[in-house]
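Note that the protein sequences, when read in sequence, are chains L and P.
Start counting the first sequence at 1; every next residue gets the next number (the numbering used here).
Start counting the second sequence at 303; every next residue gets the next number (the numbering used here).
Inspection log for the structure reproduced underneath, given as structure tokens.
There are 2 protein chains.
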Amino acid sequence: MFELKGYLKTKSRIVESALNNLFTNCISYNLLSAMNYSLKSGGKRIRPILVMASRDMLLKQEVKDPIDYHNVMPLACAVEIIHTYSLIHDDLPAMDNDDLRRGKPTNHKVYGDAVATLAGDALLTEAFNVLCLLSKHHEPEKVIDVIKYVSRSSGMNGMVGGQVLDIENDGVHGVKPDLDYLYKTSYGKTGELIKASVASPAILYGTTKDVDNLEGYGKAIGVAFQMVDDVLGATTTKEQLGKSAHIDEKNNKTTFIDLLGVDETKKMATKEIEKAKSFVSSYGTFAQPLISIADYIIQRNH
Amino acid sequence: MFELKGYLKTKSRIVESALNNLFTNCISYNLLSAMNYSLKSGGKRIRPILVMASRDMLLKQEVKDPIDYHNVMPLACAVEIIHTYSLIHDDLPAMDNDDLRRGKPTNHKVYGDAVATLAGDALLTEAFNVLCLLSKHHEPEKVIDVIKYVSRSSGMNGMVGGQVLDIENDGVHGVKPDLDYLYKTSYGKTGELIKASVASPAILYGTTKDVDNLEGYGKAIGVAFQMVDDVLGATTTKEQLGKSAHIDEKNNKTTFIDLLGVDETKKMATKEIEKAKSFVSSYGTFAQPLISIADYIIQRNH
């Protein structure tokens, strides 16, 4: 019987250990400190865990020794670094203006807006340097394909594009967000990097069909993740969430809750999760972690 | 007789044309518009021109047809994109809080702080996607080496690291900037990306010795560029400069002028330029553009 909690704990420890040793030298002590403050401040590490789970499924291997992951660890770290930079910038006063993240003061609250902005920039830049480490273990053509894929997923038509759509959804930009708009925003803002986490290993180890399947899985759990976030944002307190609650209300943002209500949003999220699972069901027992992670997304309460 | 003005004009037109066609589709019209606003707002295009000049010197070719540059154009565009993102973030209220850039309102003055921050993020991310286009024309191993080199030059121990040192030089961070500190800041903030522009073509076309020579040239003109900037910042009006003058004074920043005075700073800059030229003198006539660009940096008045 597969036990997700232990699985996530074991895998997140492997990532933490890799992240802890990643950035140790910098011409500015303050910058290094700011980068590591956010990088080492915990979080679920879902994206790097998806990298590992996808790798295991494609190679049909259950990995016991952390060393077996060294071939994908640069990818696992890079997606977490990109996620981290996006949180730092997202929390800035110019954006969500959030003071709390994972129960701790946000980066700019500790280091100031300028250094927080630059810590985000440095993390994003270094993520691509880290991706280049894949070339120690993989054909250079494939590594370039991964760099292309990750940059597209994170860029103007991926994560950052989705973030701008999200910002324009503020009641003052003249945008009237309908369901399509919220889907496009969620795919971009949340789905694209999750998609890259789960589909990039297929570039290294799989076929085009594997890439397609894992893209389908990734986009679906990404949008479900955003829907659950909206539900939690509307129904949870600051203490439970570990970050400021009801922030969307404060910012006049239209959410899935506004268009569908809490119950219907939960139903739609469940539908996305079922779709996600259907994309990986054909991989048999080795798909179990990805299936459990999909279920976990719908069940999480913080 | 080599004529620099015409050379710069011809080469910058080639870059402009490539940059104009680079970003045309985006899920957010506003983001695309913000990215292109800064990318197409002129500037000297020194970094991409250095890419082309370095290529010509290494291949001992005088190029007449723009098409001959298609092999290095992704690199030329990428360094200009990275330079552009850094200017957008540098102008933000959280940083230099500058309203004017190249005689036009800065990005955040037009698009707001949030979209300007994200336009910078998108440009930085897409720069690495653009670098991947080099793989159409070069061995993938070399392309990965270029991506590594550019990301290191732009990251925590390169441009961004230098920017943080620069920010901490504000009279309130407890830093007492001496000449070493200003050199380290200038190498990082300005020298590293210039170095990457001129040395990356040597990764594609040259030897380790070529990389070393062009690194030496790039770092020296980079620091000279910063010294001349300090001189211009202290002696020029807003109208002449096309951006706010005396900004360093306003921000309590210690500059080369404060430590050395205007005349001695000019002398030091001249010394750096002579050093730069010595690194490329052995390449004969094909080094002429790089030598003239070095001379131009010391002679520029805006």
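By construction, the Cβ of each residue, glycine as well, lies at the ideal position given by its N, Cα and C atoms.
DSSP beta-bridge partners for Lys-406 of chain P?
For this step, residue 406 of chain P is matched to residue 104 along the second sequence. DSSP output for Lys-406 of chain P lists P:Arg-403 as bridge partner(s).
Which residues mark the beginning and the end of the alpha helix (DSSP H) in which Ser-518 of chain P is found?
Here residue 518 of chain P refers to the residue found at position 216 of the second sequence. Contrary to the premise, residue 518 of chain P reads as Gly rather than Ser in this sequence. Counting along the chain, the alpha helix (DSSP H) containing Gly-518 of chain P begins and ends at 510 to 537.
Should the segment 196 to 210 of chain L be called in touch with the segment 40 to 55 of chain L, which here means at least 3 C-beta pairs below 8 Å?
yes
So which residues on chain P does Pro-105 of chain L lean against when the C-beta distance must stay under 9 Å?
Your numbering for residue 105 of chain L matches position 105 in the first sequence. In chain order: nothing, as chain P lies at least about 17 Å away.
Cβ-Cβ separation, Ile-446 of chain P to Ile-144 of chain L (assumed contact under 8 Å), whole Å
For the purposes of this step, residue 144 of chain L is identified with residue 144 of the first sequence, where counting begins at 1. For the purposes of this step, residue 446 of chain P is identified with residue 144 of the second sequence, where counting begins at 1. The Cβ separation is near 7 Å, so the contact holds.
Going residue by residue through the segment 20 to 65 of chain L, where are the continuous alpha helix (DSSP H) segments of at least 4 residues, counting only ones entirely within it?
29 to 39 and 46 to 59
Which same chain residues end up closer than 7 Å to Lys-219 of chain L when comparing Cβ atoms and leaving out the 5 residues on each side of it in sequence?
Here residue 219 of chain L is taken as the residue at index 219 of the first sequence, counted from 1. Same-chain partners within the cutoff: Tyr-187, Gly-191 and Lys-195.
Of all the CB atoms in chain P, is at least one closer than 9 Å to the CB of His-137 of chain L?
Locating residue 137 of chain L in the first sequence gives position 137, where the first residue counts as 1. It does not: the Cβ of His-137 of chain L has no partner Cβ on chain P nearer than 9 Å.
Among P:Pro-479, P:Thr-537 and P:Lys-486, nearest to Ile-303 of chain L - alpha-carbon criterion
No answer is possible for residue 303 of chain L: it lies beyond the span of chain L, which begins at 1 and ends at 302.
Compute the distance between the beta-carbons of Leu-495 of chain P and Ser-453 of chain P, then report whether it is under 9 Å.
Position 193 of the second sequence, counted from the start, is the residue given in the question as residue 495 of chain P. Position 151 of the second sequence, counted from the start, is the residue given in the question as residue 453 of chain P. No, Cβ-Cβ distance for Leu-495 of chain P and Ser-453 of chain P is not below 9 Å.
When you compare the CB of Tyr-387 of chain P with every CB in chain L, is at least one pair closer than 9 Å?
Taking the second sequence and counting its residues from 1, one reaches residue 387 of chain P at position 85. So yes, Tyr-387 of chain P belongs to the interface.
Min CB distance Met-1 of chain L to chain P below 9 Å
Residue numbering aside, residue 1 of chain L sits at position 1 when the first sequence is read from its first letter. Met-1 of chain L does not count as touching chain P.
In three-state terms, what does DSSP make of Pro-479 of chain P?
Within the second sequence, the letter at position 177 stands for residue 479 of chain P. The answer is coil: DSSP assigns Pro-479 of chain P none of H, G, I, E or B.
Would a check of beta-carbon distances place Asp-393 of chain P closer than 9 Å to chain L?
Against the second sequence, residue 393 of chain P aligns to sequence position 91. For Asp-393 of chain P, the answer is no, since every Cβ of chain L falls outside 9 Å of its Cβ.
Cβ of Ile-496 of chain P less than 9 Å from any chain L Cβ?
Numbered from 1 along the second sequence, position 194 holds the residue referred to as residue 496 of chain P. No, because no Cβ of chain L sits closer than 9 Å to the Cβ of Ile-496 of chain P.
9 Å is my cut-off, CB to CB: does Glu-141 of chain L come that close to chain P?
On the first sequence, position 141 is the one that residue 141 of chain L refers to. Chain P contact via Cβ: present.
Lys-450 of chain P in three-state terms, based on DSSP:
Taking the first residue of the second sequence as position 1, residue 450 of chain P is located at position 148. Note: Lys-450 of chain P maps to helix in three-state DSSP.
Relative to the alpha-carbon of Ile-297 of chain L, which residue among L:Glu-168, L:Asp-113, L:Tyr-181 and L:Gly-222 has its alpha-carbon at the smallest distance?
Locating residue 297 of chain L in the first sequence gives position 297, where the first residue counts as 1. Minimum Cα distance to Ile-297 of chain L is reached at L:Gly-222.
Any residues in the segment 417 to 438 of chain P with a beta carbon nearer than 7 Å to a beta carbon of chain L? Which ones, in chain order?
Val-417, Thr-419, Leu-420, Asp-423, Ala-424, Leu-426, Thr-427, Glu-428, Phe-430, Asn-431, Cys-434 and Ser-437
Exposed unless 16 or more other CB atoms sit within 10 angstroms - verdict on Phe-304 of chain P:
Locating residue 304 of chain P in the second sequence gives position 2, where the first residue counts as 1. Exposed, by the Cβ-count rule.
Give the C-beta separation of Ser-292 of chain L and Leu-4 of chain L to the nearest angstrom, bearing in mind that I take them to be a contact with Cβ-Cβ under 8 Å.
The count along the first sequence starts at 1 and reaches residue 292 of chain L at position 292. The count along the first sequence starts at 1 and reaches residue 4 of chain L at position 4. Contact holds; Cβ gap of about 4 Å.
For Gly-233 of chain L, which option in L:Val-262, L:Asp-212, L:Gly-206 and L:Ala-202 has the closest C-alpha, if you only look at C-alpha atoms?
As a first step, residue 233 of chain L must be located in the first sequence, where it is residue number 233. Minimum Cα distance to Gly-233 of chain L is reached at L:Val-262.
Neighbourhood of Pro-395 of chain P by C-beta distance below 8 Å, restricted to the same chain and skipping five residues each side
Here residue 395 of chain P refers to the residue found at position 93 of the second sequence. Within the same chain, Pro-395 of chain P has close Cβ partners His-410 and Asp-415.
Would you say Arg-152 of chain L lies against chain P (beta-carbon separation less than 9 Å)?
In the first sequence, residue 152 of chain L corresponds to position 152, counting from 1. Yes, contact with chain P.
Roughly how many angstroms separate the alpha carbons of Ala-336 of chain P and Gly-344 of chain P, rounded to a whole number?
By 1-based counting over the second sequence, the position of residue 336 of chain P is 34. By 1-based counting over the second sequence, the position of residue 344 of chain P is 42. Cα to Cα, the separation comes out at about 14 Å.
Does Val-172 of chain L pass the burial test, meaning 16 or more other C-beta atoms within 10 Å, or should it be called exposed?
Numbered from its first residue, the first sequence carries residue 172 of chain L at position 172. Val-172 of chain L comes out exposed.
Which residue from P:Ile-383, P:Gly-464 and P:Tyr-507 puts its Cα closest to that of Leu-433 of chain P?
As a first step, residue 433 of chain P is located in the second sequence; it is residue number 131 there, counting from the start. Cα-wise, what sits closest to Leu-433 of chain P is P:Ile-383.
Using a Cβ-Cβ distance under 9 Å, would Gly-112 of chain L count as near chain P?
Against the first sequence, residue 112 of chain L aligns to sequence position 112. Chain P, which has a Cβ nearer than 9 Å to the Cβ of Gly-112 of chain L, makes this yes.
Step through the CB atoms of chain P and report whether any lies within less than 9 Å of the CB of Ile-291 of chain L.
Position 291 of the first sequence, counting from 1, holds the residue named residue 291 of chain L. No - not a single Cβ of chain P is within 9 Å of the one on Ile-291 of chain L.
Rounded C-beta distance between Val-211 of chain L and Lys-266 of chain L? I'm assuming under 8 Å.
Residue 211 of chain L sits at position 211 when you count from the first residue of the first sequence. Residue 266 of chain L sits at position 266 when you count from the first residue of the first sequence. Their Cβ separation, rounded to whole angstroms, is 30 Å, which puts Val-211 of chain L and Lys-266 of chain L out of contact at 8 Å.
Listed in chain order, which residues of the segment 45 to 60 of chain L have Cβ atoms closer than 8 Å to some Cβ of chain P?
none
Just to make sure I have the definition right: I need the residues of chain P whose C-beta is within less than 7 Å of the C-beta of Leu-165 of chain L. Which are they?
As a working mapping, residue 165 of chain L is identified with position 165 in the first sequence. Chain P residues near Leu-165 of chain L: Ile-329 and Ser-330.
For Lys-577 of chain P, report the span of its alpha helix (DSSP H) as first-last.
Taking the second sequence and counting its residues from 1, the one referred to as residue 577 of chain P is at position 275. Looking at the DSSP string, the run of the alpha helix (DSSP H) that includes Lys-577 of chain P is 558 to 582.
So with CB distances below 9 Å, who are the chain L contacts of Lys-486 of chain P?
Numbered from 1 along the second sequence, position 184 holds the residue referred to as residue 486 of chain P. What Lys-486 of chain P touches in chain L: Ile-27.
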